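In terms of UniProt numbering, the sequence shown opens at residue 1 and continues consecutively.
The structure under discussion appears below in the form of C-alpha cells.
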Amino acid sequence: MKKRYYFIIILVILIPILIVTSLIKDSNQKPAIKIKDNEIITSVPNCSEPTIKIDKIRNIKLLDNVEIGNKQVGYKEDKCYAGYFDTQFGTCFIYINPNIHSYIYFETKDDNCLINYENEEKTKELYETIKNI
Numbered sequence: 001m002k003k004r005y006y007f008i009i010i011l012v013i014l015i016p017i018l019i020v021t022s023l024i025k026d027s028n029q030k031p032a033i034k035i036k037d038n039e040i041i042t043s044v045p046n047c048s049e050p051t052i053k054i055d056k057i058r059n060i061k062l063l064d065n066v067e068i069g070n071k072q073v074g075y076k077e078d079k080c081y082a083g084y085f086d087t088q089f090g091t092c093f094i095y096i097n098p099n100i101h102s103y104i105y106f107e108t109k110d111d112n113c114l115i116n117y118e119n120e121e122k123t124k125e126l127y128e129t130i131k132n133i
C-alpha cells in the first residue's frame, strides 16, 4: 500500500514538471524556413509544417511593403504571422515576421504566398535562392 502511495505522489509531482518543461521548450523555439529537396518548409512552434514545392512557384517578386489585414486561419504573435491572412493580393498563405519589411511574394496553382526571413538581408538571399532553383 505504501509503494502505491509513493508512486501516486511521484506521478503528481512529475507530470506537471514534464508539462511545464515541454511548454518552455516549445516557446523557446523560433519559427524557421528551410529549403530542402526542392521544397520550402516553414516551421512554427506548435503548428503544422506546410511545404511549398519550389517548381510550382510562378510570378515571384521581392517587395518592400505589403498591407496585412485580418487573420483568417493561423498563428499571430508579435514576431510571427503564419496562416491565411487578408492582404492587398487577396487571401494569402503568409509566413512572416511583421517587423521585417522585406517580403517574398509568389503564386502557386493553389495559393498566393507571402514569406520573409529573420532580417531583410536573409530575405533577399532566400529570394535569390528560390528564384535561381
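Where is the CB? At the ideal position from N, CA and C, for every residue including glycine.
From a predicted model like this one, the values you see are computed outputs, not experimental measurements.
query                                                                                        : result
Beta-carbon gap between N38 and K61 smaller than 8 angstroms                                 : no
C-alpha gap between I104 and I9, whole angstroms                                             : 53 angstroms
Integer Cβ distance of G74 from Y84, believed to fall under 8 angstroms                      : 6 angstroms
Cβ-based burial, F93 [other Cβ within 10 Å; buried from 16]                                  : buried
I96 (DSSP reduced to helix, strand or coil)                                                  : strand
Nearest candidate by alpha-carbon position, reference N65, set L126, I15, E120, I57          : E120
Contact check, I89 vs N59, beta carbons under 8 angstroms                                    : A small fix is needed here, since residue 89 is Phe in this sequence, not Ile. Cβ distance not < 8 angstroms, so F89 and N59 don't count as in contact.
Local Cβ density within 10 Å of T42, reported as buried at 16 or more and exposed below that : buried
Inter-residue CB distance, N97 and K79 (contact presumed, cutoff 8 angstroms)                : 5 angstroms
For N116 and T123, believed in contact at Cβ under 8 angstroms, the rounded distance         : 5 angstroms
Terminal residues of the beta strand (DSSP E) in which K36 lies                              : 32-36
Where K79 sits in the DSSP three-state scheme                                                : coil
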